[in-house]
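Reviewing the structure listed below.
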Amino acid sequence: MVTADRPSDAAREALEIAESAREAEWTHPSLAAEIFLGRFRTDLVLPFPSHPEADRDAGRAFLAKLERFLRESVDPDEVDRTGELPAAAIAGLVDLGCFGMTIPREHGGLGLSKTNYNRAVALVASHCASTAVWLSAHQSIGVPQPLKLFGTEEQKKRFFPRLARGAISAFGLTEPGAGSDPAGMKTTATPIEGGRGWNLTGEKLWCTNGPVADLLVVMARTPSVFVEGREKKQFTAFIVEGDAPGVSVVHRCGFMGLHGIQNGLLKFDNVRVPAENVLWKPGLGLKLALITLNTGRLTLPAACAGVAKQCLSIVRRWARTRTQWGGPIGHHEAIASKIAWIASHAFAIEAITEYPTRLVDRGGADIRLEAAIAKLFASETLGRIVDETVQILGGRGFESVASLRGRGETPYPVERIYREARINRIVEGTTEICHLFLAREALDPHLRRLGALVDPRASLGRKASALGRAALFYPAWYVRQWIPFGGRGSVSGPLADHFRFVSRSSHRLARAIFHAMARHGPALERRQILLARLVDVGVDLVAIATTCSYALARVAEHPEDRSPLELADLFSRTARRRVADALRGVRSNDDGQAYRLARAALEDRYLWLEEGILRACEERPEPSRPSATAPVGASSASPV
Ligand SMILES: Cc1cc2nc3c(=O)[nH]c(=O)nc-3n(C[C@H](O)[C@H](O)[C@H](O)COP(=O)(O)OP(=O)(O)OC[C@H]3O[C@@H](n4cnc5c(N)ncnc54)[C@H](O)[C@@H]3O)c2cc1C
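For the sequence shown, this note's numbering begins at 2 and goes up steadily by one.
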C-alpha cells in the first residue's frame, strides 16, 4: 500500500484555487468526461467536427504565403547555431501578420480561426521550433489570448492594434519557487494612489519572449480577502509595459533546444501598473491564467503534429534509400514497425488536436479535458516519435546538420528536432500535472456525489443528503457499466469494431475508477501512478475515437483514397493493447514497492550505488543570480 505524504494545507489550497478556475457554461458536453463516466457518446465525435470550406480557403491562402516566407527567410539551423531569430525574419513575420493571427480583424489582426492558426503554427514548427515558440508564446498565452477572453472594449482598442502591428508579448506566471504550483508565487501587487494604480514587485522565471516583450501579462498576489474568518489568497492579472520603470531582465536563459527563443528571468522592482491595466477583475488572476491555458495549450499539440509529420517525411525518405544487409533499411521488419508506429501516431496526434480545435471554432464546447488530453498525448507521443526517428537515422540521427553538410550528406535536422521536442512534455502543464488535472476531472462527478460522505468536515445533514443522492444515482449507473454497448448512437462500417471497443472499455474504465474510489477513499488522490494509468486509458480511448472519426471524415471527402482507414486501424490496434496493459496494471502492479524504494533512495539508503562516479555538481542553497542587466523590450538582452 502506498503511503504518500498527506496533502499539505498549501496543496489543498492550490487544488481549491485550480478548481475555482473551472468554467460552468457549456452547451456541448465533453467527450472525455463522458468516457470517464462510462458513457461513450458517439454523437459527440461522429461526424468529426467540420472545417468550413470558406475558412479552409482563407487558411490555405495564408499558409501558402507563410510557407514561401519560411522557405526563403528563416534558416532553422542558423537560428539554432546563432541562438537568434534575425530581426529581418521577425520583421517579415510581422509584415505577414503572423503576430496578429488570432487578433480580430476589426482590431487590425488577421482574425484567423483557431483551426487555421494552429495549422500555421504546425507549419512553422515543422520548419523552425524557435520561430513557432516566438509566435505561440505571443498569442496562445501572451497578451492577445487573455485580452480576447477577458479584456474590456477599451483595453482591446488600446492593445490589440499594437499587438497586431508586432508589439511582442509574453506570459509571466512561473517563478523560481512556483512552477507547477503557481499558487505559491511570491510576486505581489499592492494597491497605491487610492486605487488608481498597483505596485508590482517580484520575479518571473522562464518568461518566453519576456526579454524582448513590449507587453506582458503578469500574474501577482494581491491582498488576501477573508471569508468566514478563513484567508483566501487573491491573484490578479496585469498587462505590464515592457519598458515600464523597474522592469528588467536579470538573465537570458539558455536551453537544450529552442536556441532562438528569447526567454529570461525578469525582475519587477516597484513597477507602477495603472488600474486600467488589470485584466478581468482583481482576484481572478489565477483563474484567468488557467482558462487562458485551457485553450492556449491546444497550440502545443498542433506544433507537435507538425514535427511528427516532419519526422515521418524524413524516415520515409531515408529508410528507402539507405541500404544495409542487402536491402533498404525500411524493408527490415524492426525498422518497418517503427515507421508504421510513427505514421499511425502522427495521424492520431493530428486527429486528437483537430477535434477540440474545431470545437473551439464552433463555440460553446467544454474542451478543457480534450485540450489537456491532446497536450499530454501529443507531447508524449512525439517524444517517442523523435526518439525512433533518431534510431532509424542511426549515426546520422545523432550528427548535427553542420557536420552532415560538411561531409556532403543530406542534412536531415534530426539531432536538432530531437533536442527541440523534449520541452513539450514540460511546458504548459507537465505530463504529471496533466495526469493530476485529468484524474481530478475524471473523479469529479463521483466526488460531487460522494465527497461529503468521506469529508470529515461535512455536517451530518450534508452526509445524509449525499447518501440520498448516491442511492438515487449509483445502482442504475453501476448496472449500466456492465452492459456491453450502451453508447448513444450505433456505429457500423469500417472501424466500427474500434468504436465498440471504446464503448466497452469506457465501461471498464468507469468501473475501475469507481472501484478504486471505493477501495482507497480519499487516499486515492495520493495514488498518482494508479490515477495516471486510469487517465492514460481515457486518453487512449479519446485518441481511438477521434482518430477513427477523423479517418472516416477524410475518406468521406476523398472516397478514392482509403489510406486514412489503414492508419486509424493500426493506431487503434496499438492503442487497444496499451489500454489492456494499463487496465491490467490497475489490478496488479508494483507501485507500493516502487514508492517505498524511492523514499529510501531519497533518504540516502542506496548512496553506495553512487560510488565510483564524479558527482556532477554540488547543490547551491539559492540559485545564483547576476544583477539586472537590460530593460525588458531592449532586444539587446545578452545572448546565452
Ligand atoms: C523553455 C521554457 C519556456 C517556458 N515558458 C514559460 C512562459 O512563457 N511563461 C511561464 O509562466 N512559464 C514558462 N515556463 C515554465 C514552465 O511552464 C514550467 O517549467 C512548468 O510549469 C514546470 O514547472 P517547474 O519547471 O518549476 O517544475 P516543478 O514544478 O519544480 O516540477 C518538477 C517535476 O516535478 C513534477 N511535479 C510537480 N508537482 C507535482 C505533483 N504535485 N505531483 C507529481 N509530480 C509533480 C513535475 O511534473 C516535474 O516533473 C517555461 C519553461 C521552459 C523550460
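Note that the Cβ used here is the ideal one computed from N, Cα and C, for glycine as well.
For I530, the Cβ stays outside the 6 Å cut-off from all heavy atoms of ligand 1. W199 is bridged by DSSP to P192 and V274. For G180, the three-state secondary structure derived from DSSP is coil.
Assignment of beta-bridge partners to M257 by DSSP yields no partner. Only residues of its own chain outside the window of five on either side were considered, and among them N295, T296, R298, L299 and P357 have a CB closer than 7 Å to the CB of A372, listed in chain order. Counting C-beta pairs closer than 8 Å gives three or more between the segment 86 to 103 and the segment 130 to 146, which meets the contact rule. Between ligand 1 and the CB of C208, the shortest heavy atom gap is smaller than 6 Å.
Annotated as proximal: F70 and L97, with beta-carbon spacing under 7 Å. For A552, the enclosing alpha helix (DSSP H) stretches over residues Q529 to E558. Note that the segment 100 to 117 touches the segment 155 to 168; at least 3 beta-carbon pairs, one per stretch, sit closer than 8 Å. Counting only residues of its own chain and dropping the five nearest sequence neighbours on each side, R463 has a CB closer than 7 Å to the CB of A453. By the C-beta criterion, the segment 240 to 249 is judged not to be in contact with the segment 184 to 197, since fewer than 3 inter-stretch pairs fall below 8 Å. Taking a cut-off of 8 Å for Cβ pairs, the segment 330 to 347 and the segment 306 to 322 touch, as three or more such pairs fall below it.
Assigned with DSSP and collapsed to three states, G286 falls in helix. Bounds of any beta strand (DSSP E) do not take in V503; it lies within the alpha helix (DSSP H) bounded by A497 to H521. For E242, the enclosing beta strand (DSSP E) covers residues R231 to E242. When the beta-carbon positions are compared, T209 and I262 come within less than 7 Å of each other. Non-local C-beta neighbours of V75 in its own chain, meaning closer than 6 Å and more than five positions away in sequence, comprise A90, C129 and T132, ordered along the chain. Counted as a single uninterrupted DSSP element, the beta strand (DSSP E) harbouring F227 occupies residues L216 to V228.
In this structure I169 is in contact with A214, their Cβ atoms being roughly 5 Å apart against a cut-off of 8 Å.
When DSSP assignments are scanned along the segment 419 to 477, the uninterrupted stretches of alpha helix (DSSP H) that are 4 or more residues long and fall wholly within it turn out to be 432 to 455. Annotation for S170: the continuous beta strand (DSSP E) segment containing it runs S170 to G173. Put simply, of L291, T411 and A33 the residue whose alpha carbon is nearest the alpha carbon of R318 is T411. Of all alpha-carbon atoms in V144, H436 and L360, the one lying nearest the alpha-carbon of F378 is that of H436.
Annotation: D605 to L615 spans about 17 Å, alpha carbon to alpha carbon.
If you draw a straight line from the Cα of E619 to the Cα of I340, it comes to about 43 Å. P329 has T324 as its beta-bridge partners, per DSSP.
The Cβ-Cβ distance between L451 and A471 falls below 7 Å. In chain order, P183, M220 and A290 place their CB closer than 6 Å to the CB of L174, counting only its own chain and leaving out the 5 sequence neighbours on each side.
Nearest to F49 by C-alpha distance, out of D362, A599, G39 and T547, is T547. DSSP places A366 within a strand segment (E or B) once states are collapsed to three. Using a 10 angstroms sphere on the CB of P145, the tally of other CB atoms reaches 16 or more, which defines it as buried. Inter-segment contact for the segment 59 to 66 and the segment 553 to 571 is absent: fewer than three beta-carbon pairs are separated by less than 8 Å.
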